[in-house]
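Oh and the sequence shown: position 11 is 15 in our numbering, straight run, nothing missing.
Some notes on the structure that comes next.
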Amino acid sequence: MKSLPSRPDVGHLKKQAKALLAACRQAEPEALQRFRAALPAARGRDDAALMALGLRLHDAQSCLAREHGFDGWADLLRFVEARRAQADDPQAERLRWLRLVYDGDLAGGSQARRPAVAARLLAEEPSLAPDGDPWLACAVGDVAVLRAATRRDAGWVHRPGGPLALPPLVAVTHSGLAELPAFADGLRACAALLLEAGASPDQSAGSRWPPASLAAPDAAQPLSALCGAAGKARDPELTALLLAAGADPDDGESLYHALESPACTGLLLAAGARIAGTNALYRALDLDDPAALRLLLAHGADPNEAPSGPPTADWAAPLLWAIRRRCTPAHVAALLEAGAQAHVCTPDGVPARTLALRFGLTEVAALLPTPALGDPSLPGRGMPLTEADRVEAFVAACARGDLEAAQALQADGCALADRLDAAQQRLLPELAAAGCDAAVRTLVACGWPLEVRGGDIDGTALNQALFRGDAALVRFLLARGADWRTPHGFGDDARGTLSWASLNRPVPDGDWPACAQALRDHGLPPARPDPSDPDAVLIEGRPYCFEEEVAQVLSQMPVCSAP
């Protein structure tokens with residue numbers, strides 16, 4: 005593993021990554037071997053196969069980060085920032101470090117914890133060691149320090165304290181270091197000691213997630229120790245320890261956040277966790293694996309539970325939400341077997357089966373009952389098609405990417421796209437958000453309006469494609485007139501979508517530099533340096549931050565103007 009200087013420089017590291025990429029593109033043997041040794045996607049490939057990958061700047065950055073012992077470029081940058089900040093302001097060192105250990109909901113802010121970075125800093129900076137400080141000991145799992153603190157003052161286990169003003173049991177169970185095997189046993193031992201010393205298993209702290217803050221927590225949104233064990237660490241042993249000590253499983257958060265761990269979910273349900281009103285059933289439908297859903301249903305979850313609020317309220321029932329989330333037939337079958345109403349309709353009267361066909365889910369639709377008078381998805385069977393049935397058949401054909409069938413329904417010159425209602429029009433952004441490329445292209449070819457907004461970000465199909473880094477679909481939509489200026493639900497336009505997505509990479513294989521090039525080729529003005537912020541650029545006077553390679557593309561003149 006390569007070492008970093010005591011005061012590493014981000015700019016220097018960026019230059020190193022660019023030099024590595026340039027050397028790779030020149031097929032220099034040393035550069036190719038570095039990629040093979042550090043980058044999982046390059047491992048075991050010969051020179052020709054490695055060159056064929058078309059490696060980009062973010063790959064070189066990832067390679068460089070891994071050479072220095074980090075999982076990715078973002079972790080390396082956070083480490084460098086922390087190192088430099090420590091040198092600039094040693095007094096704030098521990099608070100900055102704790103913000104790498106804990107999520108923003110306890111540390112204040114919207115940042116996510118970076119436990120690997122925190123562990124690396126702890127190993128390299130002796131000043132971060134607990135050294136008798138029980139609050140730091142809670143974060144790292146140093147049970148000896150907690151034992152000594154309890155001998156000195158038995159009452160400390162009941163009081164919040166430390167830089168984050170956390171009750172000690174909350175500080176232990178919410179520590180992101182629980183993800184790392186080197187710290188997990190120590191944190192469990194700390195929790196056991198605190199409980200033995202009389203700490204309440206129901207200790208909690210108000211959320212500091214914005215608009216709340218570390219200085220002004222939101223007491224109405226408490227985060228319990230159990231939520232940390234089951235929903236953050238997702239540690240069955242820690243969860244069982246708290247439940248055995250009497251922790252209340254109905255804290256309003258633990259079950260919802262534990263669903264990605266069937267073991268923790270099972271422990272909470274066995275302890276009597278209430279399902280109704282927690283939104284856990286709807287959350288289970290967001291997960292690819294139906295195991296959590298089946299577990300909830302087996303413990304009495306209501307398969308027809310009414311949603312508690314938006315966005316699920318727009319879909320009226322778990323079955324309809326499952327369709328909207330494009331759940332598998334296994335999810336839908338589990339709901340139906342548990343008693344979900346198969347004839348349920350959306351608030352505007354669309355039956356579940358029709359909704360499934362609108363989303364192109366033919367296998368799911370096959371599990372649901374057909375309408376009593378014919379089947380709009382199968383022209384020629386049952387009763388003659390009404391005009392509404394014909395439109396639904398047209399929508400279903402488009403949603404499954406069947407352009408031939410969709411065109412056949414318009415063979416008499418009837419423009420069925422002109423007869424779409426608002427919900428049918430919103431299918432374009434919904435399907436774009438789901439990555440249904442063939443369906444989106446068919447809908448556009450059949451006349452769907454391009455600027456309709458929908459999906460989780462309440463954006464156009466173009467915004468949805470940008471979010472996913474789907475450069476081919478972005479270019480397709482722009483070539484057919486999609487407007488990058490159309491705003492989305494978060495108050496910005498395609499620029500803001502590209503900014504957030506390129507920095508956060510919500511889809512593993514997204515190609516945001518190519519998306520940026522498509523936008524430039526279709527009229528997005530060039531980015532200019534922001535004199536007030538070296539990390540930002542200005543586009544038509546508005547400041548944005550982008551992933552570095554994206555920023556480079558946006559700063560260049562258009563390569564071409566062709567689709």
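Glycine included, every Cβ here is placed at the ideal spot set by N, Cα and C.
### Task
Tell me, please, which residues DSSP counts as bridged to L227.
Bridge partners of L227: A209.
### Query
Are the Cβ atoms of G405 and T446 separated by less than 8 Å?
Closer than 8 Å, so yes.
### DSSP beta-bridge partners of C349
C349 pairs with P355.
### Message
Do G210 and A223 have their beta-carbon atoms positioned less than 8 Å apart in this structure?
### Response
Yes, these two residues count as a Cβ contact at 8 Å.
### Query
DSSP on A566, reduced to helix/strand/coil?
The pLDDT assigned to A566 is 43, lower than 50, so where the model puts this residue is not dependable, and the model offers no usable value.
### Task
Specify, as a first and last residue, the run of the alpha helix (DSSP H) that L140 falls within.
Here the alpha helix (DSSP H) through L140 covers P138 to V144.
### Message
Run through the DSSP bridge pairs and tell me what V336 is partnered with.
### Response
V336 is not bridged to any residue.
### Where Y106 falls: helix, strand or coil (DSSP)
If DSSP states are grouped into helix, strand and coil, Y106 belongs with coil.
### Query
Rounded C-beta distance between R238 and L289? I'm assuming under 8 Å.
Not quite, the Cβ-Cβ distance comes to about 19 Å (not below 8 Å), so this is no contact.
### Message
Can you tell me whether G48 is buried or exposed? The criterion is at least 16 other CB atoms within 10 Å of its CB, across all chains shown.
### Response
Exposed, since its Cβ has fewer than 16 Cβ neighbours within 10 Å.
### Task
Identify, in the order they occur along the chain, each residue of the same chain with its Cβ nearer than 7 Å to the Cβ of A421, setting aside the five sequence neighbours on each side.
Excluding sequence neighbours, A421 sits near C450, G451 and W452.
### Message
I'd like to check one pair, R423 with G589: are the Cβ atoms closer than 8 Å?
### Response
The requested residue 589 does not occur in the structure, where the chain is confined to residues 5 to 567.
### Query
Which term fits S208, buried or exposed, when burial requires 16 or more other beta carbons within 10 angstroms of its beta carbon?
Around the beta carbon of S208, 16 or more other beta carbons sit within 10 angstroms, so the residue counts as buried.
### Query
Among A438, A274, C418 and E408, which residue has its Cα nearest to the Cα of R394?
Ranking the options by Cα distance to R394, first place goes to C418.
### Message
Buried or exposed, going by whether 16 or more other CB atoms sit within 10 Å of the CB of F494?
### Response
With fewer than 16 Cβ atoms within 10 Å of its Cβ, F494 is classed as exposed.
### Message
If I follow the unbroken beta strand (DSSP E) through V541, where does it start and stop?
### Response
Going by DSSP, V541 is part of the beta strand (DSSP E) stretching over V541 to I543.
### Message
Going by DSSP, what residue range makes up the alpha helix (DSSP H) through P570?
### Response
Here the chain comprises residues numbered 5 to 567, so residue 570 is not present and cannot be evaluated.
### Query
Quick check: the region 83–103 against the region 146–158, are there 3 or more CB pairs under 8 Å?
No, they do not touch.
### Rounded separation between R70 and R38 - CA only
Taken atom to atom, the span from the alpha-carbon of R70 to that of R38 is near 10 Å.
### Message
The beta strand (DSSP E) that contains P547, what's its start and end?
### Response
It spans R546 to Y548 - the beta strand (DSSP E) in which P547 sits, taken as one unbroken run.
### Task
Whole angstroms is fine: what's the gap from Q115's alpha carbon to Q65's?
Roughly 21 Å separates the two Cα atoms.
### Task
May I have the straight-line CA-CA distance separating P130 from V149, to the nearest angstrom?
Computed Cα separation, rounded: 16 Å.
### Query
Candidates R118, L110 and Y106: which alpha carbon is nearest F83's?
Closest option to F83, Cα to Cα, is R118.
### Task
Below 8 Å on the Cβ atoms is my guess for Q20 versus L68; work out the distance and round it to an integer in Å.
The distance from the Cβ of Q20 to that of L68 is about 6 Å, consistent with a contact at the 8 Å cut-off.
### Query
To the nearest whole angstrom, what separates the beta carbons of L301 and A277, a pair I think is in contact under 8 Å?
14 Å between Cβ atoms; not a contact.
### Task
Identify every residue that forms a DSSP beta bridge with R532.
Answer is L542.
#### Entry: Collapsed DSSP secondary structure at D525 in the structure displayed
It is helical.
### Query
Straight-line CA distance for A234 to L273?
Using only the alpha carbons, I get a separation of about 12 Å.
### Query
Ordered along the chain, which non-local residues of its own chain (more than five positions away) have a Cβ less than 7 Å from that of L324?
Only V348, T350, A356 and L359 meet the Cβ criterion.
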